[in-house]
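Residue numbers for the sequence shown follow this note's numbering, beginning at 1442 and rising by one.
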Amino acid sequence: WAPYLPQGSILSANAPGKKAMPSSRRIVSGGCDCVVKVWRFVDKQGSLGASSWDLETKLQMHTDWVRDVKWAGNIGLPFTHIASCGQDGKVVVWTQKADTDQWQSEVLMDSDKAQWRVSWSELGNLLAVSGADNEASLWRQCKKGMWKKMSALTPAQ
1442 WAPYLPQGSI LSANAPGKKA MPSSRRIVSG GCDCVVKVWR FVDKQGSLGA
1492 SSWDLETKLQ MHTDWVRDVK WAGNIGLPFT HIASCGQDGK VVVWTQKADT
1542 DQWQSEVLMD SDKAQWRVSW SELGNLLAVS GADNEASLWR QCKKGMWKKM
1592 SALTPAQ
């Protein structure tokens, strides 16, 4: 899991009428149930250690095991990204904007081969993907929000 920084916290203070994202610890998980899950740490003060990780949301797009999930680093922008990849060959980027609880999904890849790993750059603007097709690809978000494959490496290269 990655430390969670509330979206937009560096760029602007809470604007009037804007919903502030709660500042808390969050983690993301994936597994054999084909679901990406976002968890929030709930510190129940005065409950004799009854703190827990509560399920915040389920993100459903995969049709087979979710093999890897990564939370993108956030430099204070008004959104956050999670990448997931799976046995089904899909690579999905999930985006949550600061003023909503909803997650939007974009399928970057839908291969006939399993995708094993996703990894974000330090700033969270580049995504590396590797899978059973023996290819490593690099993806970047363009100005209009769409993701574009920038390059790919195969064993023959």
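The beta-carbon is built from N, C-alpha and C at its ideal position, and this holds for glycine as well.
Predicted model only: the values in this text are computed from it and were never measured.
So which of the options has the shortest CA-CA distance to residue i?
| i | options | result |
| --- | --- | --- |
| C1475 | D1495, V1483, W1588, H1503 | H1503 |
| A1597 | V1469, V1532, N1575 | N1575 |
| M1658 | V1534, K1538, L1564, T1541 | Residue 1658 lies beyond the residue range present for the chain, which begins at 1442 and ends at 1598; the question has no answer from this structure. |
| G1527 | D1542, P1519, S1552 | S1552 |
| L1496 | G1530, R1508, S1470 | S1470 |
| I1506 | G1472, V1477, V1532 | Residue identity differs from the one stated: residue 1506 is Trp in this sequence, not Ile. Checking every option, the nearest Cα to that of W1506 belongs to G1472. |
| G1530 | W1494, A1573, D1542 | A1573 |
| A1524 | C1583, K1585, G1565, S1465 | G1565 |
| Q1543 | K1585, Q1486, E1563, K1499 | K1499 |
| V1532 | T1541, F1482, R1508 | R1508 |
Might you give, ordered along the chain, the residues of its own chain that have their beta carbon closer than 8 Å to the beta carbon of residue i, omitting 5 neighbours on each side?
| i | result |
| --- | --- |
| L1567 | W1561, L1579, W1580, R1581, M1591 |
| M1587 | E1547 |
| D1484 | S1492 |
| M1480 | This sequence places Trp at residue 1480; Met is not what is there. Taken in chain order, the residues that qualify are R1467, I1468, V1469, S1470, W1494, D1495, L1496, E1497. |
| Q1501 | C1475, V1476, V1477 |
| K1585 | none |
Just grab the DSSP bridge partners of residue i for me.
| i | result |
| --- | --- |
| K1485 | Partner(s): none; K1485 has no beta bridge. |
| G1493 | Correcting the residue type first, residue 1493 is Ser in the shown sequence and not Gly. Answer by DSSP bridge pairing, in chain order: V1483. |
| A1593 | S1578 |
| W1544 | Q1537 |
| R1467 | R1481 |
| A1569 | S1560, L1579 |
| T1498 | V1479 |
Grab me the residues of residue i's own chain with a C-beta within less than 6 Å of its C-beta, minus the 5 sequence neighbours each way, in chain order.
| i | result |
| --- | --- |
| A1577 | S1571, L1594 |
| T1536 | F1520, H1522, Q1545 |
| A1569 | S1560, L1579 |
Here's a check: name, in chain order, each residue in its chain whose Cβ is nearer than 7 Å to the Cβ of residue i, leaving out the five neighbours to either side.
| i | result |
| --- | --- |
| C1583 | K1589 |
### Task
Tell me, please, whether the region 1547-1557 touches the region 1510-1517 by the rule of three or more beta-carbon pairs shorter than 8 Å.
In short, these stretches do not touch, since the Cβ pair count stays below three.
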